[in-house]
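Following: one structure in structure tokens, then a few remarks.
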Amino acid sequence: MSGLPRCARCRRPETSASVVSALTPAQALSGLERILGAGGLLSGELPAADLEPYLNDQRRLYHGRALAIALPRTEVEVTGLLAFCNRHHIGVVPQGGNTGYCGGATPDESGRQIVVSLSRLNRIRRIDPLNYSIVAEAGCVLGQVQRAADEAQRLFPLSLGSEGTCQLGGNLSTNAGGVHVLRYGMMRDLVLGLEVALADGRLLSSLGTLRKDNTGYDVKSLFLGAEGTLGIITAASLKLFPKLKSFATAFAAVPGPRAAVALLARLREASGDSVSSFELIPRIAVDLTARHIPGVRDPLDAPHPWYVLCELTSARAADPLGDLLERSLAGGLEEKLVLDAAVARNERDRAAFWKLRETIPEAQRRDGGSLKHDISVPVTSIPDFIERGSRWIADNVPDGRLVAYGHVGDGNLHFNLNQAPGADRAAFLAREAPVKRAIHDLVRDFGGSFSAEHGIGRLKVGELERYAPPIELNLMRTIKRALDPNGILNPGKVLR
Ligand code: FAD
Ligand code: MLT
Ligand code: ZN
Numbered sequence: 002m003s004g005l006p007r008c009a010r011c012r013r014p015e016t017s018a019s020v021v022s023a024l025t026p027a028q029a030l031s032g033l034e035r036i037l038g039a040g041g042l043l044s045g046e047l048p049a050a051d052l053e054p055y056l057n058d059q060r061r062l063y064h065g066r067a068l069a070i071a072l073p074r075t076e077v078e079v080t081g082l083l084a085f086c087n088r089h090h091i092g093v094v095p096q097g098g099n100t101g102y103c104g105g106a107t108p109d110e111s112g113r114q115i116v117v118s119l120s121r122l123n124r125i126r127r128i129d130p131l132n133y134s135i136v137a138e139a140g141c142v143l144g145q146v147q148r149a150a151d152e153a154q155r156l157f158p159l160s161l162g163s164e165g166t167c168q169l170g171g172n173l174s175t176n177a178g179g180v181h182v183l184r185y186g187m188m189r190d191l192v193l194g195l196e197v198a199l200a201d202g203r204l205l206s207s208l209g210t211l212r213k214d215n216t217g218y219d220v221k222s223l224f225l226g227a228e229g230t231l232g233i234i235t236a237a238s239l240k241l242f243p244k245l246k247s248f249a250t251a252f253a254a255v256p257g258p259r260a261a262v263a264l265l266a267r268l269r270e271a272s273g274d275s276v277s278s279f280e281l282i283p284r285i286a287v288d289l290t291a292r293h294i295p296g297v298r299d300p301l302d303a304p305h306p307w308y309v310l311c312e313l314t315s316a317r318a319a320d321p322l323g324d325l326l327e328r329s330l331a332g333g334l335e336e337k338l339v340l341d342a343a344v345a346r347n348e349r350d351r352a353a354f355w356k357l358r359e360t361i362p363e364a365q366r367r368d369g370g371s372l373k374h375d376i377s378v379p380v381t382s383i384p385d386f387i388e389r390g391s392r393w394i395a396d397n398v399p400d401g402r403l404v405a406y407g408h409v410g411d412g413n414l415h416f417n418l419n420q421a422p423g424a425d426r427a428a429f430l431a432r433e434a435p436v437k438r439a440i441h442d443l444v445r446d447f448g449g450s451f452s453a454e455h456g457i458g459r460l461k462v463g464e465l466e467r468y469a470p471p472i473e474l475n476l477m478r479t480i481k482r483a484l485d486p487n488g489i490l491n492p493g494k495v496l497r
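Those letters in the sequence shown? Residues 2 to 497, by my numbering.
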């Protein structure tokens with residue numbers, strides 16, 4: 002890493018040796034303008050403020066420059082753009098809602114890459130309620146896809162805190178997770194077909210809505226989680242589910258992660274697997290959200306060390322989920338798995354519980370510097386992992402506080418640290434490398450993953466090299482070379 006050039010502002014090593022085009026910037030821009038038409042290209046003539054949103058990642062870890070921002074309206078424009086960029090060796094960075102955590106949608110500092118924003122490719126192409134499927138373009142905001150399904154009395158279950166901004170193409174390309182994975186799986190599990198513009202300008206059009214199709218390799222799966230390094234996704238056909246009609250939601254205090262895991266198993270059994278979310282929340286996250294997010298308050302009267310936000314759902318309007326949840330929590334109280342609980346009496350309570358959970362990342366951000374670790378281990382190992390990880394942090398990071406929360410039902414924790422009150426932000430953030438190493442090594446010891454749902458982007462390229470089995474890395478590089486021989490697609494992301 003040390004020999005690589007560093008970003009002038011953030012001093013992070015550059016992972017991307019940008020592909021070099023023989024065209025002058027003016028030639029490249031005029032070629033792209035011909036493909037994208039009037040209004041299809043934003044370039045340096047605009048005020049910097051208009052371009053800035055495309056050039057930074059949302060965590061402000063990376064600050065890039067670009068030759069232009071392309072705003073294609075159709076998949077044909079995307080293929081034309083790629084054919085041109087491939088011919089002239091111009092690096093291309095796909096961008097959706099730009100809510101990703103790993104800098105995957107940010108161009109490098111060369112000023113030679115094109116950012117391709119998919120935001121204008123945002124039509125719902127068709128919805129088939131009988132087939133429980135929807136076909137939507139990559140630039141649709143996730144919330145838009147959810148609403149279209151809802152209007153057809155169906156459910157599209159992917160749900161993330163960023164769902165008002167992130168786009169389907171970004172969700173597919175990061176294989177997003179979120180708060181319903183326990184019941185419905187990750188983005189990958191919700192896909193029936195894809196339309197993808199390939200590096201050489203061909204269009205892979207595979208938008209079928211078949212549930213069964215065993216005809217050779219599952220080519221579409223290559224693009225899911227590829228973070229724009231193998232093609233630009235322009236549309237997808239997706240699975241829908243029956244619309245949910247009953248909900249039972251509780252915010253329950255538990256003595257610790259071990260009790261949380263036991264409670265989850267009990268609830269799954271008792272409810273016939275109707276648990277759709279089961280989120281672990283530490284006391285510090287309740288304090289942080291109550292302090293920084295207007296309208297958030299502790300749902301319980303007295304403080305407790307840990308909580309779970311659990312939700313049972315059903316497509317049957319009359320399912321007695323509330324009774325079931327209350328009985329299970331009462332049983333949990335007797336067995337000391339539960340210390341106290343608030344059950345939502347109406348939609349307002351439910352929204353309040355979810356607001357507390359969904360705003361933890363924002364509250365962390367407002368509180369000061371934070372170090373994020375999106376890890377997973379087998380669900381059974383969660384308590385031991387938290388115990389060992391907490392001990393390491395207490396012994397080694399005196400100016401940090403652990404904020405470990407997340408999708409415990411999926412074995413996925415956001416094992417984050419925030420700077421302690423009064424700590425020096427820069428000194429705390431300077432600990433990033435050793436802290437990351439210790440936590441990710443511990444994750445490896447537990448047979449876990451250092452990136453459960455946020456991907457690799459630019460941030461975790463080194464981690465992938467360190468932890469991925471060599472044969473897997475080798476296969477990834479072979480696939481990359483086969484699909485993108487000129488290395489124009491999101492250079493330096495996922496693979497160096
Ligand atoms: P972007 O950030 O724009 O891009 C992400 C990557 O995908 C980049 O590499 C980009 O090049 C590539 N890409 C984008 N569009 C395309 C395309 N059409 N074709 C090919 N490549 C493309 N993530 C979770 O998994 N679970 C969560 O619970 C979760 N919660 C979040 C909560 C908050 C408050 C925030 C801010 C983020 C959260 N995220 C979560 C992270 C983020 O929202 C997801 O990773 C999301 O899927 C990114 O979508 P996007 O459209 O913003 O993608
Ligand atoms: C979440 O689950 O809230 C996000 O994936 C984690 C984060 O935003 O840090
Ligand atoms: Zn998450």
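Even glycine gets a Cβ: it sits at the ideal position worked out from N, Cα and C.
- Under the criterion of beta carbons closer than 8 Å, ALA200 and LEU484 qualify as touching, at roughly 6 Å.
- In the structure shown, GLU388 adopts helical secondary structure according to DSSP, grouped into three states.
- Taking a C-beta distance under 7 Å as the contact criterion, LYS244 and ARG155 qualify as a contact pair.
- Only exposed fits ARG203, as fewer than 16 other CB atoms lie within 10 angstroms of its CB.
- If you check the C-beta of PRO435 against the ligand MLT, you find no heavy atom less than 6 Å away.
- For ARG402, same chain residues with a beta-carbon under 8 Å away, outside a window of 5 residues either side, are ILE285, LEU418, ASN419, GLN420, ALA421 in chain order.
- For LYS240, the enclosing beta strand (DSSP E) stretches over residues 233–240.
- With a threshold of 6 Å, the Cβ atom of TYR185 does not count as near the ligand FAD, since no heavy atom of the ligand is closer than that.
- Annotation for HIS293 indicates a beta carbon at 6 Å or more from all heavy atoms of the ligand MLT.
- Ranking LEU119, ARG113, VAL142, ALA150 by CA distance to the CA of LEU131 puts ALA150 first.
- Within the model, the alpha-carbon separation for PRO384 versus GLY412 is close to 10 Å.
- Contact residues of the ligand FAD (beta-carbon closer than 5 Å to any heavy atom; chain order) are PRO95, GLN96, GLY97, GLY98, ASN99, THR100, GLY101, GLY105, ALA106, LEU119, ALA139, LEU161, GLY162, SER163, CYS167, GLN168, GLY170, GLY171, ASN172, SER174, THR175, ALA177, GLY178, GLY179, GLU228, GLY229, ILE233, ILE234, PRO362, GLU454.
- Annotation for HIS374 indicates a beta carbon at 6 Å or more from all heavy atoms of the ligand MLT.
- With a cutoff of 6 Å, HIS415 counts as near the ligand MLT, since its C-beta is closer than that to a heavy atom of the ligand.
- Under DSSP, the beta-bridge partners assigned to HIS415 are ASP375, TYR406.
- Within the same chain, SER22, LEU68, HIS89, ILE91 come within 7 Å of ALA29 by CB-CB distance, once the 5 residues on both sides are set aside.
- Three or more Cβ pairs closer than 8 Å define a contact, and the segment 40–56 falls short of that threshold against the segment 176–185.
- Counting along the chain, ILE294 sits inside no beta strand (DSSP E), nor does DSSP assign it H or E at all.
- Judged by DSSP secondary structure, THR479 falls within the alpha helix (DSSP H) whose first and last residues are 471–484.
- Sequence-distant Cβ neighbours of ALA316 in its own chain, meaning closer than 7 Å and more than five residues away, are PRO243, LYS244, LEU245, LYS246.
- Between the alpha carbons of ILE387 and GLY112 lies a gap of roughly 43 Å.
- The alpha-carbon separation between ALA260 and TYR218 amounts to approximately 42 Å.
- Bounds of the beta strand (DSSP E) holding CYS311 are 307–315.
- Straight-line spacing of the CA atoms in GLY463 and ARG497 works out to 8 Å.
- Two segments are said to touch when three or more pairs of C-beta atoms, one from each, lie closer than 8 Å; by this definition the segment 272–282 does not touch the segment 338–348.
- Between the segment 185–197 and the segment 471–485, the count of C-beta pairs closer than 8 Å stays below three; the two stretches do not touch.
- Secondary structure at PRO26: helix, using DSSP grouped into helix, strand and coil.
- One Cα belongs to LEU211, the other to ASP274, and the distance between them is close to 26 Å.
- The Cβ neighbour count for LYS337, taken over all protein chains shown within 10 Å, is under 16; the residue is labelled exposed.
- For the 7 Å CB-CB criterion, GLY449 and ILE394 do not form a contact.
- The C-beta separation of ILE125 from LEU239 comes to about 11 Å, leaving the pair out of contact by the 8 Å criterion.
- Bridge partners of ASP129 according to DSSP: SER134.
- The C-beta distance from VAL116 to ILE70 rounds to 5 Å, short enough to meet the 8 Å contact threshold.
- Each residue's CA atom was taken as its position, placing PRO258 and LYS437 some 22 Å apart.
- By the neighbour-count criterion, in which a residue is buried when 16 or more other Cβ atoms sit within 10 angstroms of its Cβ, VAL255 is buried.
- Separation of the CB atoms of ALA353 and LEU313 is rounded to 18 Å, and the pair is thereby denied contact status at 8 Å.
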